[in-house]
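A.B. asks:
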Amino acid sequence: MAESQVAASPIGTRQATNYLGRRRALRYWLLLVPGFLLLGTVFLYPIARFLLLSFQSESGISLANYRHLLTVPLYSQVLINTGVIALSTTVLCLVLGYPLAYFIANLSSVWSRRLLFLVLIPFWISILVRSYAWMVLLGRNGIVNNFLSSIGVISEPLPLMFNRTGVLIGMVQILLPYMILPLFAVMRSIDPVYLRAAASLGAPGWRAMLHVYFPLSLPGVAAGSLLVFILSLGFFITPALLGGRRDMMIAMLIEQQVNQALNFGLAAALAGVLLVATIVLLVVFERVLGLERLLGGLGGDAR
Amino acid sequence: MTVTQRNGARRISWGKVILVAYSVAVLLYLVGPLLVVLPLSFSSARYLTFPPPGWSLQWYERYLGSPQWTAATVRSLQLGVVVMLLAVVIGTAVAYGLAHLQFPGKRLVRAVVLSPLVVPVIILAVAVYELFLRLRLIGNFWALAIAHTVLALPFVVVLVSAALQTMDVALERAAASLGASEWQTFRYVTLPLIAPSMAAGAVFAFVTSWDELLVALFTSGTARATLPKRLWENVREFIDPTIAAVAVVIVGVSLLLLATLELLQLRAARNGGHNV
């Protein structure tokens, strides 16, 4: 863009344009300086430094912290938990989100905008508050249990919280919009002509859905699933409030190691594992689906 | 023929009924829990009973009467405003600079600027905690504001970049060819066009800081806790509906800003201005 502007500038000689172009470019670079300084000093530098702590142990530089992660059952269990919870969350989000996205995508544009707005409202509500709302609903004497026992469906309160059920109920609700947005974006662009063509060739509705519509929506499925999986890996608040002892995830263990055990080395190794997993998945995402789709998903937030 | 057709139509409409019911259920699941907290905060009961037996403002009185809660609220509001200003100024500069530069590695730079959106916040929180610990900045208002700005920056950059991209470059060139200085071009041509996006970015930046727990949990110190941190410390003793009142305050501020933004954009659209 800078070059095209130079080309349009009234000054004729090549040298002058070069000089002007360079001065302009310098000014644009200067605009980037505050942002670079901010990210360099309060983002890249502290994270890099913190990660380096993972290679330190009493005996100097070593991989001891990473070995601990894999060999101490308590820690490796947390890694497994995190993967399992993230995967379950993703699958549940897809099961709940796909029909809803399909429904919204096939409404008139006025209604589809209204419902999409409704889906987006939770984005604006603090995760802490939403998890608190679930605590009120799911507790032993919570609203759900009280209601069910008052109408006589149950005699004992159901264990809905401080276990995996609670974690998944809370996390799926928070991450569902990240699944719906990419799905919606892809479904909105699927031409209904394909379904009509399938129907006119004699395919019953479900076959047309399965063999024509679903394959066309796969980019949205992939984008939403990857996004939800990536975001669930780092969850902290919801599993901490709604989970039990057996539902500890990486982020919770990091917090515990820093605040209670004061074991920065192990926390750094955990952070390293989490960061590498996130980056690898993001690179896969970018290669397969492109960064724009990722921004489209996150940008649901940023519209 | 007619029979099978009717059958077909019937099956489709059954499918539709199920789809609508399922979608409504999922929408309720998304939005419903929030509708529970609101009545609880106005409850006259001493415990979390639902539906509330009667109405009162006692929990809001308790909230406003507690210096702990009000101090945290004021601190979070101040923090949000500072983060908003920092993020809008720095983010707009980054978006404007990047829009006008072409260089190898630009994609990487963009990726780094946007990465706080996807890097798990816990990593930033502990890393910044370790840094602030060494620099004795735990509990420092400005240090926390700067850390929050890192999280808010990508929203401003994404929104303003998008506005700059859809803007007609010819407008800038026309201004320049008519003799406007670069500053004048920015001030009188570009700025009015990207202002709605900057406003949206400002709201996102404020809410990012206002809702943020993890970085504040580690770095704001015990005496200078933000509102989410106070809520976090008290949320497990959830017998007390004061928490519900605080939750409503937190959500209320965010939704108020969202509504303001929507109104502004509706008005801008009606006046023929650019949408975000």
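These protein sequence lines map, in sequence, to chains F and Z. Quick note on our numbering: the first sequence kicks off at -6 and runs consecutively. Quick note on our numbering: the second sequence kicks off at 810 and runs consecutively. Beta carbons are placed, not taken as given, at the ideal position from N, Cα and C, and that holds for glycine.
What did DSSP end up calling F:G53 once you bin it into helix, strand or coil?
C.D. replies: Within the first sequence, residue 53 of chain F is the residue found at index 60, counting from 1. Reduced to three states, the DSSP call for F:G53 is strand.
A.B. asks: On the criterion of 16 or more Cβ atoms from any shown chain inside 10 Å, does Z:N1080 qualify as buried, or is it exposed?
C.D. replies: In the second sequence, the residue the question calls residue 1080 of chain Z occupies position 271. That one is exposed.
A.B. asks: In chain Z, which residues lie with their C-beta within 7 Å of the C-beta of F:A18?
C.D. replies: To locate residue 18 of chain F, count along the first sequence from 1; it is residue 25. Here the neighbours are L910.
A.B. asks: Might you give, ordered along the chain, the residues of its own chain that have their beta carbon closer than 8 Å to the beta carbon of F:T82, omitting 5 neighbours on each side?
C.D. replies: Within the first sequence, the letter at position 89 stands for residue 82 of chain F. Only L161, M164, V165, L168, V221, F222, S225 meet the Cβ criterion.
A.B. asks: How long is the line joining the alpha carbons of F:L62 and Z:V930, rounded to whole angstroms?
C.D. replies: Against the first sequence, residue 62 of chain F aligns to sequence position 69. Against the second sequence, residue 930 of chain Z aligns to sequence position 121. F:L62 and Z:V930: Cα-Cα distance of roughly 21 Å.
A.B. asks: Would you say Z:P1050 and Z:W868 are within 7 Å of each other, going by their C-beta atoms?
C.D. replies: If you number the second sequence from 1, residue 1050 of chain Z lands on position 241. If you number the second sequence from 1, residue 868 of chain Z lands on position 59. Contact: yes.
A.B. asks: Could you tell me which whole alpha helix (DSSP H) segments of length 4 or greater appear in the stretch 1014 to 1063 of chain Z?
C.D. replies: 1023 to 1028, 1036 to 1043
A.B. asks: When we look at the beta-carbon of Z:L1066 and count the other beta-carbons within 10 Å, is it buried (16 or more) or exposed?
C.D. replies: The residue labelled residue 1066 of chain Z in the question sits at position 257 within the second sequence. With 16 or more other Cβ atoms within 10 Å, it is buried.
A.B. asks: To the nearest angstrom, how far is the alpha carbon of Z:A954 from that of Z:L962?
C.D. replies: Within the second sequence, residue 954 of chain Z is the residue found at index 145, counting from 1. Within the second sequence, residue 962 of chain Z is the residue found at index 153, counting from 1. Rounded to whole angstroms, Z:A954 to Z:L962 spans 12 Å at the Cα level.
A.B. asks: Rounding to the nearest angstrom, what Cα-Cα distance links F:T34 and Z:Y905 in this structure?
C.D. replies: Sequence index remark: in the first sequence, residue 34 of chain F carries index 41 (1-based). Sequence index remark: in the second sequence, residue 905 of chain Z carries index 96 (1-based). The alpha-carbon atoms of F:T34 and Z:Y905 are separated by roughly 22 Å.
A.B. asks: Considering Cα atoms alone, identify which of F:S148, F:I243, F:F110, F:R17 is closest to Z:Q911.
C.D. replies: Within the second sequence, the letter at position 102 stands for residue 911 of chain Z. Across the set F:S148, F:I243, F:F110, F:R17, the C-alpha of F:R17 shows the shortest separation from the C-alpha of Z:Q911.
A.B. asks: What does the Cβ neighbour count give for Z:P842, buried or exposed, with the cut at 16 atoms within 10 Å?
C.D. replies: Residue 842 of chain Z sits at position 33 when you count from the first residue of the second sequence. By the 10 Å Cβ count, Z:P842 comes out buried.
A.B. asks: Within this structure, are the beta carbons of F:I243 and F:L263 separated by less than 7 Å?
C.D. replies: Taking the first sequence and counting its residues from 1, the one referred to as residue 243 of chain F is at position 250. Taking the first sequence and counting its residues from 1, the one referred to as residue 263 of chain F is at position 270. Yes, these two residues count as a Cβ contact at 7 Å.
A.B. asks: If we define contact as Cβ-Cβ less than 7 Å, is Z:R815 a contact residue for chain F?
C.D. replies: Position 6 of the second sequence, counted from the first residue, corresponds to residue 815 of chain Z. Because Z:R815 carries a pLDDT of 47, less than 50, the predicted location of this residue cannot be relied on, and the following value inherits that uncertainty. Not one chain F Cβ lies under 7 Å of Z:R815.
A.B. asks: Only counting the same chain, and skipping five residues up and downstream in sequence, which positions put a Cβ closer than 7 Å to that of F:A201?
C.D. replies: If you number the first sequence from 1, residue 201 of chain F lands on position 208. Closer than 7 Å at Cβ, skipping near neighbours: L188, A191, A192.
A.B. asks: Can you tell me whether DSSP reads Z:S852 as helix, strand or coil?
C.D. replies: For this step, residue 852 of chain Z is matched to residue 43 along the second sequence. Look at Z:S852 here: in three-state DSSP terms it is strand.
A.B. asks: For the alpha helix (DSSP H) holding Z:I931, just list the boundary residues, first then last.
C.D. replies: As a working mapping, residue 931 of chain Z is identified with position 122 in the second sequence. Its alpha helix (DSSP H) spans residues 930 to 943.
A.B. asks: In whole angstroms, what separates the C-alpha of Z:P861 from that of Z:S852?
C.D. replies: Indexing the second sequence from 1 puts residue 861 of chain Z at position 52. Indexing the second sequence from 1 puts residue 852 of chain Z at position 43. Straight-line Cα distance between these residues: approximately 5 Å.
A.B. asks: How long is the line joining the alpha carbons of Z:R1073 and Z:G1010, rounded to whole angstroms?
C.D. replies: One-based indexing of the second sequence puts residue 1073 of chain Z at position 264. One-based indexing of the second sequence puts residue 1010 of chain Z at position 201. Note that residue 1073 of chain Z corresponds to Leu in the displayed sequence, not to Arg. Each residue's alpha carbon lies about 13 Å from the other.
A.B. asks: Name the residue from F:L23, F:L234, F:V277, F:N99 whose alpha carbon lies nearest to the alpha carbon of F:L131.
C.D. replies: Position 138 of the first sequence holds residue 131 of chain F. The option with the nearest alpha carbon to F:L131 is F:L234.
A.B. asks: Would a C-beta distance cut-off of 7 Å place F:V129 and Z:L1075 closer than the cut-off?
C.D. replies: For the purposes of this step, residue 129 of chain F is taken as residue 136 along the first sequence, with counting starting at 1. For the purposes of this step, residue 1075 of chain Z is taken as residue 266 along the second sequence, with counting starting at 1. No, Cβ-Cβ distance for F:V129 and Z:L1075 is not below 7 Å.
A.B. asks: Would you mind sorting F:F140 into buried or exposed? The rule is 16 or more other CB atoms within 10 Å of its CB.
C.D. replies: Position 147 of the first sequence, counting from 1, holds the residue named residue 140 of chain F. By the 10 Å Cβ count, F:F140 comes out exposed.
A.B. asks: Tell me, please, which residues DSSP counts as bridged to Z:L864.
C.D. replies: Locating residue 864 of chain Z in the second sequence gives position 55, where the first residue counts as 1. Residue identity check: residue 864 of chain Z is Trp in the sequence provided, not Leu. Answer by DSSP bridge pairing, in chain order: Z:S852.
A.B. asks: Using a Cβ-Cβ distance under 7 Å, would Z:V826 count as near chain F?
C.D. replies: Translated into the one-based positions of the second sequence, residue 826 of chain Z becomes position 17. By this cut-off, Z:V826 is not an interface position.
A.B. asks: Specify, as a first and last residue, the run of the alpha helix (DSSP H) that F:V84 falls within.
C.D. replies: Walking along the first sequence from the start, residue 84 of chain F turns up at place 91. Its alpha helix (DSSP H) spans residues 66 to 98.
A.B. asks: Excluding the 5 residues flanking F:G217 on each side, which residues of the same chain have their C-beta closer than 6 Å to its C-beta?
C.D. replies: Start at 1 with the first residue of the first sequence, and residue 217 of chain F comes out as number 224. Answer for F:G217: M172, P175, L176, listed in chain order.
A.B. asks: Tell me where the alpha helix (DSSP H) around F:V252 begins and ends.
C.D. replies: Working through the first sequence from its first residue, we reach residue 252 of chain F at position 259. Going by the sequence as given, residue 252 of chain F is Asn instead of Val. Segment 243 to 252, the alpha helix (DSSP H) holding F:N252.
A.B. asks: Please report whether the beta-carbon of F:S191 lies at a distance below 7 Å from any beta-carbon of chain Z.
C.D. replies: As a working note, residue 191 of chain F is residue 198 in the first sequence. Rather than Ser, the amino acid found at residue 191 of chain F in this sequence is Ala. Not closer than 7 Å to any Cβ of chain Z, the Cβ of F:A191 fails to qualify, so no.
A.B. asks: Would you decide whether F:G145 is buried or exposed? Buried here means 16 or more other CB atoms lie within 10 Å of its CB.
C.D. replies: In the first sequence, residue 145 of chain F corresponds to position 152, counting from 1. Within a 10 Å sphere around the beta-carbon of F:G145 sit fewer than 16 other beta-carbons, which makes this residue exposed.
A.B. asks: What's the call for Z:R919, buried or exposed, on a 16-neighbour Cβ count within 10 Å?
C.D. replies: Sequence index remark: in the second sequence, residue 919 of chain Z carries index 110 (1-based). Answer is buried; the Cβ neighbour count reaches 16.
A.B. asks: By Cβ distance, which residues of its chain are closer than 6 Å to F:P150, with the 5 residues on each side in sequence left out?
C.D. replies: As a first step, residue 150 of chain F must be located in the first sequence, where it is residue number 157. These residues qualify, in order along the chain: R133, N138.
A.B. asks: Look at the alpha carbon of Z:R945 and the alpha carbon of F:Y68, and state the distance between them as a whole number of angstroms.
C.D. replies: For this step, residue 945 of chain Z is matched to residue 136 along the second sequence. For this step, residue 68 of chain F is matched to residue 75 along the first sequence. C-alpha of Z:R945 to C-alpha of F:Y68: approximately 31 Å in a straight line.
A.B. asks: Go ahead and label F:G28 buried or exposed: buried means 16 or more other beta carbons lie within 10 angstroms of its beta carbon, across all protein chains shown.
C.D. replies: Position 35 of the first sequence holds residue 28 of chain F. When all chains shown are included, F:G28 counts as buried.
A.B. asks: Which of the three DSSP states, helix, strand or coil, is assigned to F:N138?
C.D. replies: Here residue 138 of chain F corresponds to residue number 145 of the first sequence, with the count starting at 1. DSSP, reduced to helix, strand and coil, places F:N138 within a helical segment of the structure shown.
A.B. asks: Do three or more CB pairs link the stretch 1051 to 1062 of chain Z to the stretch 868 to 878 of chain Z at distances below 8 Å?
C.D. replies: yes
A.B. asks: Check whether the stretch 1028 to 1044 of chain Z touches the stretch 829 to 836 of chain Z, taking contact to mean three or more Cβ pairs, one atom from each stretch, closer than 8 Å.
C.D. replies: no
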